[in-house]
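Engineer: Chains A and B are the protein sequences, given in the same order.
This note's numbering puts the first residue of the first sequence at 97, with every later residue one more than the last.
This note's numbering puts the first residue of the second sequence at 2, with every later residue one more than the last.
Right, I'll just put the structure down here and ask away after.
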Amino acid sequence: MANEAIAKNGDPGHRPVRRWPTRHGALILLAIGAYAICVDLAEVDLHRLWVGLPKLAHWLGRAWPPDLTDLGLLLFRAAETVAMATVGTSLGIVIAAPICLYAARNVTPSALLYYPARWLLNLLRGIDSFVFALLFVAAVGLGPFAGVLGIGLHSAGSIAKLWSETMEGMVPGPLEAIAMTGASRFKLIVYGVVPELLPMLLSTSLYIWEFNIRSSTVLGLVGAGGIGQDLKNSVDLLDFSSVLTIILIILAMVTAIDQTSAWLRKRMT
Amino acid sequence: MSAMAPLPPPALEVVELSKSLNGKILFDKINFAVAAGEIVGLSGASGAGKTTLFRCVTRLSQADAGEIRLFGRDIRRLGGYQLKQARRQIGLVFQQFNLFGRLTALENVLAGRLGYMPNWRVVLRSPAAPDRRRALEALDRVGLATIAHQRADRLSGGQQQRVAIARALVQESMLIIADEPVSNLDPESAEIVLGLLCDLARRDGRAVLCSLHQPEFLGRFVDRAMRLSNGQLATIDDGPWRKTDPAPSRLPGECQAETAGTGPGHPGADNRAGDVPEPCVAPFVAAG
């Protein structure tokens with residue numbers, strides 16, 4: 097019996113020889129080749145790093161002690177950064193809410209608008225807030241408002257994508273149960289979906305907010321306000337004591353926000 | 002003597018219904034009807050197509066051919082608002098309960114009223130007083146009034162299924178379809194849930210169609226039983242208790258009394274004749 101089975105299906109102990117070394121070897125070589133091109137394009141030069149390191153050490157030596165003369169202004173800039181990220185994230189949430197409903201396959205009110213909604217959120221997500229901010233500085237002028245708009249548009253894409261994926265991950269049973277009550281799609285979303293997913297949706301938003309605070313520290317480089325602008329000015333003036341102060345403020349701010357956000361998210365789920 | 006008035010159409014009548022899935026015939030031109038006030042059991046092996054049949058009947062899936070008459074009206078070709086209205090007439094009880102875990106038992110029951118509520122009440126989560134009262138009454142009827150404000154995911158399986166039945170109750174549907182409502186429950190909870198479904202047929206005169214795996218439950222709780230196998234529907238039990246003894250001492254309607262030990266229950270035939278029945282699930286308030 098066993099022999100017959102083996103004759104029919106092949107001996108499970110002796111799998112047919114595969115030609116994997118050839119195929120996999122070629123793929124590995126291809127990957128190594130592509131990586132080498134990347135290293136070349138990135139102009140990786142260890143010699144330059146070796147020569148530059150003492151220079152960096154010298155600057156670091158000059159940076160200590162941190163310069164606290166402008167501490168008040170720098171703290172104000174840090175607050176401006178947090179404000180920019182917070183208002184930007186809330187703008188993102190407002191834009192994301194309708195998009196995500198259309199972009200979630202299981203709750204979308206219109207199958208026709210499903211793909212356009214996905215395209216829109218991919219477009220918003222694909223352009224970094226830095227690039228958006230650059231464009232808005234040209235449109236609305238220097239200052240944190242350009243940063244708010246940049247963060248808002250980019251976050252809208254990210255939030256809509258994460259939210260719609262959360263919705264698509266819902267078990268279908270309760271949705272079908274509500275559909276059987278004769279309720280409209282709108283009632284289904286408002287009464288069932290949103291309260292059920294609220295902790296996940298809020299947690300995602302907090303995560304994006306956290307991310308935005310980190311990314312908005314550099315938005316000042318394109319003139320979009322916040323502490324990044326002071327960082328750029330100090331580096332340009334080779335004022336390393338101020339650079340150190342700014343970096344320490346950024347570190348403290350980001351750590352505090354990360355901890356707060358993690359604590360809030362933990363309490364929600 | 003004047004001519005007899007025409008009989009009202011059955012709550013559910015399935016005519017020549019067919020469905021295939023991935024090349025496999027699940028059911029082929031099957032016919033059956035469920036009348037008001039009766040509880041009909043459906044058995045069949047796992048994968049025989051019972052759930053798909055129920056999904057087709059409720060239009061959660063599309064059948065390939067045939068008619069589904071809900072109180073005489075074919076609902077297979079309905080869409081949009083008309084389909085929503087037709088669905089309100091069917092209370093569906095699922096194997097997995099399908100409650101929203103973060104909502105309270107009361108809010109889950111109120112979901113059964115969503116089809117009737119205006120949008121603004123849904124947005125503000127402020128149901129009208131009669132809706133709220135109706136939901137509390139339904140919870141009371143399934144014996145869960147005391148846990149109305151507990152979150153659904155904190156309830157036991159049996160309690161969750163009773164909340165799901167209460168949701169179907171407030172929907173005011175005269176046809177209840179239960180898809181293996183007790184297969185995830187312990188025997189005690191299963192008896193309570195099946196007793197409730199019996200009561201919906203006996204006391205309210207609702208039509209109940211229920212799929213069940215356990216033969217002992219089929220024998221005790223349903224008026225008629227059908228079996229779905231190899232794409233065909235066969236009657237396996239046509240209520241032998243009614244045929245053999247016109248005044249039997251023990252009837253399937255007594256199932257609840259038997260479980261809870263509280264006096265005789267009521268034969269379904271009597272209730273359908275218009276008697277004022279006593280609740281045959283009175284002891285459920287105490288059951289946990």
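Note that the Cβ used here is the ideal one computed from N, Cα and C, for glycine as well.
All of these numbers come straight from a predicted model, not from anything done at the bench.
1. Mind pulling the alpha helix (DSSP H) runs of 4 or more residues that sit fully within the region 211-292 of chain A?
2. Count the other CB atoms within 10 Å of the CB of F282 of chain A; is the residue buried (16 or more) or exposed (fewer)?
3. With 8 Å as the threshold, decide whether the Cβ of K328 of chain A is near any Cβ in chain B.
4. Considering only their Cβ atoms, is the gap separating A46 of chain B from L13 of chain B smaller than 8 Å?
5. Span of the alpha helix (DSSP H) holding D332 of chain A?
6. Could you give the residue range of the alpha helix (DSSP H) that holds L93 of chain B?
7. Report the neighbours of R89 of chain B on chain A: residues whose CB is nearer than 7 Å to its CB, in chain order.
8. For the putative contact between G42 of chain B and V223 of chain B, defined by C-beta atoms under 8 Å, what is the C-beta separation to the nearest angstrom?
9. Buried or exposed for T147 of chain B, going by 16 or more other Cβ atoms inside 10 Å?
10. To the nearest whole angstrom, what separates the beta carbons of L217 of chain A and T341 of chain A, a pair I think is in contact under 8 Å?
11. Pick from B:S21, B:G67, B:G48, B:T52: whose alpha carbon is nearest that of D180 of chain B?
12. By the three-class DSSP mapping on this structure, what secondary structure does H267 of chain B have?
13. Looking at the C-beta of P291 of chain A, does it have a partner C-beta in chain B at a distance below 8 Å?
14. Out of curiosity, what's the CA-to-CA distance linking L176 of chain B and G206 of chain B?
15. From B:A87, B:N185, B:Y82, pick the residue whose C-alpha is nearest to that of D75 of chain B; which is it?
16. Grouping DSSP H, G and I as helix and E and B as strand, with all else coil, what is E14 of chain B?
17. Per DSSP, which residues does L234 of chain B bridge with? Please list them.
18. On the DSSP bridge assignment, give the partners of C211 of chain B in chain order.
19. Pairing CB atoms from the region 333-350 of chain A with CB atoms from the region 307-323 of chain A, are three or more of them under 8 Å?
20. To test your reading of the DSSP string, which unbroken alpha helix (DSSP H) runs of 4 or more residues are found completely within the region 120-153 of chain A?
21. Under the three-state reduction of DSSP, which class applies to E173 of chain B: helix, strand or coil?
22. Name the DSSP bridge partner or partners of D75 of chain B?
23. In the DSSP assignment, what residue or residues form a beta bridge with F28 of chain B?
24. Using 8 Å as the cut-off, can you tell me whether the region 151-160 of chain B makes contact with the region 105-122 of chain B, which would need three or more C-beta pairs spanning the two stretches below that distance?
25. Please report the residue range of the alpha helix (DSSP H) in which D205 of chain B lies.
26. Quick check on S157 of chain B: buried or exposed, where buried means 16 or more other Cβ atoms within 10 Å of its Cβ?
27. Do I191 of chain A and A213 of chain A have their C-beta atoms closer together than 8 Å?
28. Is K371 of chain A close to chain B? Criterion is C-beta to C-beta, closer than 8 Å.
29. V286 of chain A CB to nearest chain B CB: under 8 Å?
30. What residue from B:R126, B:Q90, B:S19 has the CA that sits closest to G50 of chain B's CA?
31. On the premise that N32 of chain B lies in contact with V16 of chain B, defined as a C-beta separation below 8 Å, what is that separation, rounded to the nearest angstrom?
32. For A234 of chain A, would you say it is in contact with chain B, using Cβ-to-Cβ distances shorter than 8 Å as the test?
33. Within 10 Å of its beta-carbon, does R211 of chain A have 16 or more other beta-carbons around it, so buried, or fewer, so exposed?
34. Check A34 of chain B in the structure and name its three-state DSSP category.
35. So does the region 221-235 of chain A actually touch the region 249-256 of chain A, counting three or more Cβ pairs closer than 8 Å?
36. Sorted by chain position, which residues of the same chain lie with C-beta nearer than 6 Å to L111 of chain B's C-beta, five sequence neighbours on each side aside?
Structural biologist: According to the structure shown:
1. 225-236, 240-264, 268-275
2. Indexing the first sequence from 1 puts residue 282 of chain A at position 186. The residue in question, F282 of chain A, is exposed, as its Cβ has fewer than 16 Cβ neighbours within 10 Å.
3. In the first sequence, counting from the first residue as 1, residue 328 of chain A sits at position 232. Taking Cβ atoms only, chain B never reaches closer than 8 Å to K328 of chain A, which makes this a no.
4. Here residue 13 of chain B corresponds to residue number 12 of the second sequence, with the count starting at 1. Here residue 46 of chain B corresponds to residue number 45 of the second sequence, with the count starting at 1. No, these two residues do not count as a Cβ contact at 8 Å.
5. Against the first sequence, residue 332 of chain A aligns to sequence position 236. DSSP places D332 of chain A in the uninterrupted alpha helix (DSSP H) bounded by 323-332.
6. Your numbering for residue 93 of chain B matches position 92 in the second sequence. Where L93 of chain B is concerned, there is no enclosing alpha helix (DSSP H), although the beta strand (DSSP E) it sits in stretches over 91-94.
7. The count along the second sequence starts at 1 and reaches residue 89 of chain B at position 88. In chain order: T277, G278.
8. By one-based count along the second sequence, residue 42 of chain B stands at place 41. By one-based count along the second sequence, residue 223 of chain B stands at place 222. Right, their Cβ atoms sit about 4 Å apart.
9. Here the question's residue 147 of chain B lines up with position 146 in the second sequence. Its Cβ having fewer than 16 others within 10 Å, T147 of chain B is exposed.
10. In the first sequence, counting from the first residue as 1, residue 217 of chain A sits at position 121. In the first sequence, counting from the first residue as 1, residue 341 of chain A sits at position 245. Incorrect: roughly 39 Å between the Cβ atoms, too far for contact.
11. Your numbering for residue 180 of chain B matches position 179 in the second sequence. The shortest Cα separation from D180 of chain B among B:S21, B:G67, B:G48, B:T52 belongs to B:T52.
12. Here residue 267 of chain B refers to the residue found at position 266 of the second sequence. Low confidence applies to H267 of chain B: its pLDDT is 35, below 50, so where it sits in the model is not reliable, and the reading given next is rough at best. Looking at H267 of chain B - three-state DSSP - the assignment turns out to be coil, as it is neither helix nor strand.
13. For the purposes of this step, residue 291 of chain A is identified with residue 195 of the first sequence, where counting begins at 1. Closer than 8 Å: yes.
14. By one-based count along the second sequence, residue 176 of chain B stands at place 175. By one-based count along the second sequence, residue 206 of chain B stands at place 205. Taking the straight line joining both Cα atoms gives about 9 Å.
15. For the purposes of this step, residue 75 of chain B is taken as residue 74 along the second sequence, with counting starting at 1. Among B:A87, B:N185, B:Y82, the Cα nearest to that of D75 of chain B belongs to B:A87.
16. Within the second sequence, residue 14 of chain B is the residue found at index 13, counting from 1. The answer is strand: DSSP assigns E14 of chain B an E or B state.
17. The count along the second sequence starts at 1 and reaches residue 234 of chain B at position 233. Partner(s): B:L229.
18. Walking along the second sequence from the start, residue 211 of chain B turns up at place 210. The partner list for C211 of chain B (beta bridge, DSSP) reads B:G42, B:A179.
19. yes
20. For the region 120-153 of chain A, not one full-length alpha helix (DSSP H) segment reaches 4 residues or more.
21. In the second sequence, the residue the question calls residue 173 of chain B occupies position 172. Here E173 of chain B sits in coil by DSSP.
22. As a working mapping, residue 75 of chain B is identified with position 74 in the second sequence. DSSP output for D75 of chain B lists B:R70 as bridge partner(s).
23. Sequence index remark: in the second sequence, residue 28 of chain B carries index 27 (1-based). DSSP output for F28 of chain B lists B:K20, B:G232 as bridge partner(s).
24. yes
25. Mapped onto the second sequence, residue 205 of chain B falls at position 204. No residue range can be given for D205 of chain B, since it is assigned to no alpha helix (DSSP H) and is classified by DSSP as neither H nor E.
26. Translated into the one-based positions of the second sequence, residue 157 of chain B becomes position 156. Per the 10 Å Cβ criterion, exposed.
27. Counting from 1 along the first sequence, the entry for residue 191 of chain A is found at position 95. Counting from 1 along the first sequence, the entry for residue 213 of chain A is found at position 117. In this structure, I191 of chain A lies away from A213 of chain A, with their beta-carbon atoms at least 8 Å apart.
28. For chain A, the structure presents residues 97 to 365; residue 371 of chain A sits outside this window and is missing.
29. Against the first sequence, residue 286 of chain A aligns to sequence position 190. Yes, because at least one Cβ of chain B sits closer than 8 Å to the Cβ of V286 of chain A.
30. One-based indexing of the second sequence puts residue 50 of chain B at position 49. Nearest C-alpha to G50 of chain B: B:S19.
31. By one-based count along the second sequence, residue 16 of chain B stands at place 15. By one-based count along the second sequence, residue 32 of chain B stands at place 31. About 6 Å separates the two Cβ atoms, so the contact holds.
32. Your numbering for residue 234 of chain A matches position 138 in the first sequence. Not closer than 8 Å to any Cβ of chain B, the Cβ of A234 of chain A fails to qualify, so no.
33. The residue given as residue 211 of chain A occupies position 115 in the first sequence. Per the sequence shown, residue 211 of chain A should be read as Tyr rather than Arg. Its Cβ having fewer than 16 others within 10 Å, Y211 of chain A is exposed.
34. Within the second sequence, numbered from 1, the residue matching residue 34 of chain B stands at position 33. DSSP places A34 of chain B in strand when its eight states are reduced to three.
35. Touching, yes.
36. The residue you call residue 111 of chain B lines up with position 110 of the second sequence. Result list for L111 of chain B: P128, A136, in chain order.
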